[in-house]
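Take a look at the structure set out below.
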Amino acid sequence: MRYVQEHCTLIYKEEIAKGVFSFTLKAPQIASKTQCGQFVNVLCDPFQLRRPISIGGFDAQAGILRLVFEVRGKGTEWMATLEEGQALDLLGPLGHGFPLLDSGKKAVMIGGGIGTPPLLPLCRHYGRNATVISGFRSASAVILKEDAEAFGARTIVCTDDGSTGFHGFTTQALEEELKNGTYDVVYTCGPKIMMKKVAELAKAHNIRCFVSMEERMACGVGACLGCACKTKTEDGGTAMTRVCMNGPVFEASEVDFE
Amino acid sequence: MTDMKVSIAGVEMKNPIITASGAFGYGMEYNEMYPIEKLGGISCKGTTLHERQGNPGPRIAETPAGMLNSVGLQNPGSEAFVNTYLPWLRQRDITVIANIAGHSLDEYREVARRVSDANVDLVELNISCPNVKEGGMSFGTSCESVETVVSEVRKVCNRPLIVKLTPNVTDIGAIAQAAEAAGADAVSLINTITGMRIDIRTRRPILKNNIGGLSGPAVFPVAVRMVREVYKKVNIPIIGMGGVSTWEDAAEMMMAGAAAIQVGAALFRDPYAPIKIIEGLEAFASEQGLSSVTELTGSVQEW
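As given, the protein sequences belong to chains Z and W, one line each in that order.
Take the position in the first sequence, starting the count at 1, then add 976; the result is the number in this note's numbering.
Take the position in the second sequence, starting the count at 1, then add 144; the result is the number in this note's numbering.
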């Protein structure tokens, strides 16, 4: 079985920025199958639809899963009320994650806000060869900088208001980074408009780029076709492709961002 | 021990629980979690003559106790259904229902001919999809057009024919009678109820298609009432669906008149929902001392 339904006890909960929560869960079955960039579909008990949440960390040996999410709507609001010791019903690990190069290769990752968590497992893989460019509204919204650095990654934080780090967009910081350094691969997760620009920059520098897409989702396993996004086909046309199963990670050149 | 077998238009199923079209694909994804052979049957994703890409996203919106979808019949087409997905299903001991849709009478006829020539057990005629611009539900909302499409499809369909009805009509009993008169072997109901949600910040509908079909527990009482209404009007078997999430729901819908049950949106909360429904229904039927689960059908005693 590639994915399972598992009742996972919340063992550590922390609000790492206003409205942004980090959950560490006991999830031995899911953790043992997880790869970088996959997600879980979380049952939010009062609601019909599960919420897809990216996996921000996993340890197969310890049987531990980390989810970092932002309270955006009623489902995540409900999730945030959970206390340590209570259990979450997770379906996962789901989807195709980030393809990994040899860990000696140099990777640059661009995360927009709550798109940053799925990049963290990549930092563990690439270690000192990882550079993370992450963008936030302001200093108080910055998350996971120290976590990435703990894996040896270099971090470049960007803020909209300049209250910390680089005052500007992640894509501006990436442009500078690509001018000065040589990278073998680009990974990105965040707002579509940001990922579109990241994909253009990667293409201009002839670097492979992988994007993690998001869409409103129902089944999470590929059956219902609810989460399809527009992708390009080999013959120059477009197709509607399942984010949950064929993604969430796509080769940037496959995605139609229009 | 209660006999869980049911028979729809002469086709025997090992139990009355069928996964609903569109919610379960062709069973491959859920077969990762449990053997789909435990199910009575599977109603496959709606198949059109040629591949369809469906509607742009977002296609999903949550609602109180339910959801809207506007997938728009995305499917790989009848040839891929027959050559790729059907052979995989036929290796499994499960009743296979091909669900077919079209945008014209010609397309309905052609897709019915192709899938019923293949090795399916039953054909479910979808004249109730709310998410396509042409055809779909427009065939299912008047008695005249229902009679036309059902009788035309009946002529070319070599398998028992189920007609799937839309609830978006004034008198579903009359529509069901029209389907029966035109040669339907069974009816299934309800398809989704059309609905809409708006994001009040952007003042845009959440669905790119603007409207979609409502399913989930929210529609269950409507479905029970409609199954009951149809049960009083026709003599062919009814496959009941619409918000069935628990074995209690399944028992209730059977008492209203359903001979079998389809489960759709409940899968998204709990992938094991159909399995739990089968187990719960069997335990209930035994506890009630029934020799056959079919004794539940239509057994409500109205006031």
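Beta carbons are placed, not taken as given, at the ideal position from N, Cα and C, and that holds for glycine.
CB of residue i within 8 Å of CB of residue j, strictly
i, j, result
"Val368(W)", "Ile337(W)", "no"
"Lys299(W)", "Ile271(W)", "no"
"Thr1010(Z)", "Phe1045(Z)", "no"
"Val1219(Z)", "Cys1200(Z)", "no"
"Gly919(Z)", "Leu1077(Z)", "With chain Z covering only 977 through 1234, there is no way to say anything about residue 919(Z)."
"Thr1147(Z)", "Leu1120(Z)", "no"
"Asp1160(Z)", "Ala1083(Z)", "yes"
"Ala1036(Z)", "Ala1007(Z)", "yes"
"Tyr979(Z)", "Leu1064(Z)", "no"
"Gly339(W)", "Gly360(W)", "no"
"Lys377(W)", "Gln445(W)", "no"
"Ile316(W)", "Val374(W)", "yes"
"Ala330(W)", "Ile380(W)", "yes"
"Thr1131(Z)", "Ala1124(Z)", "yes"
"Met385(W)", "Leu440(W)", "no"
"Thr191(W)", "Ser222(W)", "yes"
"Arg413(W)", "Leu1019(Z)", "yes"
"Gly246(W)", "Gln218(W)", "no"
"Asn382(W)", "Pro160(W)", "The displayed chain sequence assigns Ile, not Asn, to residue 382(W). For Ile382(W) and Pro160(W), no; Cβs fall outside 8 Å."
"Asp265(W)", "Arg303(W)", "yes"
"Gln1024(Z)", "Glu206(W)", "yes"
Range of the contiguous beta strand (DSSP E) that encloses residue i
i, result
"Phe1186(Z)", "Arg1184 to Ser1188"
"His983(Z)", "Val980 to Ala993"
"Pro1069(Z)", "Ala1063 to Leu1070"
"Ile1109(Z)", "Ala1106 to Phe1112"
"Ser1116(Z)", "Careful: Ser1116(Z) lies outside any beta strand (DSSP E) and carries neither H nor E."
"Pro1028(Z)", "Arg1027 to Asp1035"
"Arg203(W)", "No beta strand (DSSP E) holds Arg203(W); DSSP gives it neither H nor E."
Proximal residues of chain Z, C-beta to C-beta of residue i below 9 Å
i, result
"Tyr416(W)", "Gln981"
"Gly185(W)", "In chain order: nothing, as chain Z lies at least about 16 Å away."
"Phe168(W)", "Cys1195, Ala1199 and Cys1200"
Contact list for residue i against chain Z, beta-carbon separation under 8 Å
i, result
"Glu173(W)", "Cys1195, Val1197, Gly1198, Ala1199 and Met1221"
"Met211(W)", "Gln1024, Leu1025 and Ala1194"
"Gln218(W)", "Leu1201, Ala1204 and Met1216"
Exposure of residue i, with buried meaning 16 or more beta-carbon neighbours within 10 Å
i, result
"Trp391(W)", "buried"
"Pro179(W)", "exposed"
"Ala429(W)", "buried"
"Gln1093(Z)", "Here the sequence assigns Pro to residue 1093(Z), which means Gln is not the residue at that position. Pro1093(Z) is buried by the Cβ-count criterion."
"Thr163(W)", "buried"
"Thr228(W)", "exposed"
"Glu982(Z)", "buried"
"Asn1105(Z)", "buried"
"Arg1042(Z)", "buried"
"Thr1057(Z)", "exposed"
"Pro231(W)", "exposed"
Segment limits, alpha helix (DSSP H) that includes residue i
i, result
"Asp393(W)", "Trp391 to Ala400"
"Cys287(W)", "Cys287 to Val300"
"Glu173(W)", "Met172 to Asn175"
"Val1174(Z)", "Lys1168 to Ala1180"
"Val1225(Z)", "Not the alpha helix (DSSP H): Val1225(Z) falls in the beta strand (DSSP E), residues Val1225 to Glu1227."
Residue-level contact to chain W via CB, residue i, 8 Å cutoff
i, result
"Met1171(Z)", "no"
"Arg1048(Z)", "no"
"Leu953(Z)", "Residue 953(Z) cannot be examined here, being either before or after the span of chain Z that is shown, 977 to 1234."
"Glu1053(Z)", "no"
"Gly1013(Z)", "no"
"Glu1152(Z)", "no"
"Gly1071(Z)", "no"
"Ala1204(Z)", "yes"
"Glu1191(Z)", "yes"
"Arg1042(Z)", "no"
"Leu1058(Z)", "no"
"Leu1067(Z)", "yes"
Interface residues of chain W facing residue i [CB-CB closer than 9 Å]
i, result
"Leu1098(Z)", "Near Leu1098(Z) there are no residues of chain W at all, since even the closest Cβ is about 26 Å away, more than 9 Å."
"Leu1064(Z)", "Result: empty, since nearest Cβ-Cβ is about 14 Å, beyond 9 Å."
Partners in chain W for residue i, counting only beta-carbon separations shorter than 7 Å
i, result
"Ala1215(Z)", "Gln197"
"Met977(Z)", "Glu176 and Met177"
"Leu1019(Z)", "Arg413"
Partners in chain W for residue i, counting only beta-carbon separations shorter than 8 Å
i, result
"Gly1091(Z)", "Per Cβ cutoff of 8 Å: no residues; Gly1091(Z) is ~18 Å from chain W at best."
"Phe1023(Z)", "Glu206"
Residue-level contact to chain Z via CB, residue i, 8 Å cutoff
i, result
"Arg341(W)", "no"
"Leu305(W)", "no"
"Arg236(W)", "no"
"Ala409(W)", "yes"
"Val366(W)", "no"
"Val444(W)", "no"
Under 7 Å from the C-beta of residue i: neighbouring residues of chain Z
i, result
"Gly360(W)", "Gln1024"
"Pro202(W)", "Glu1191 and Arg1192"
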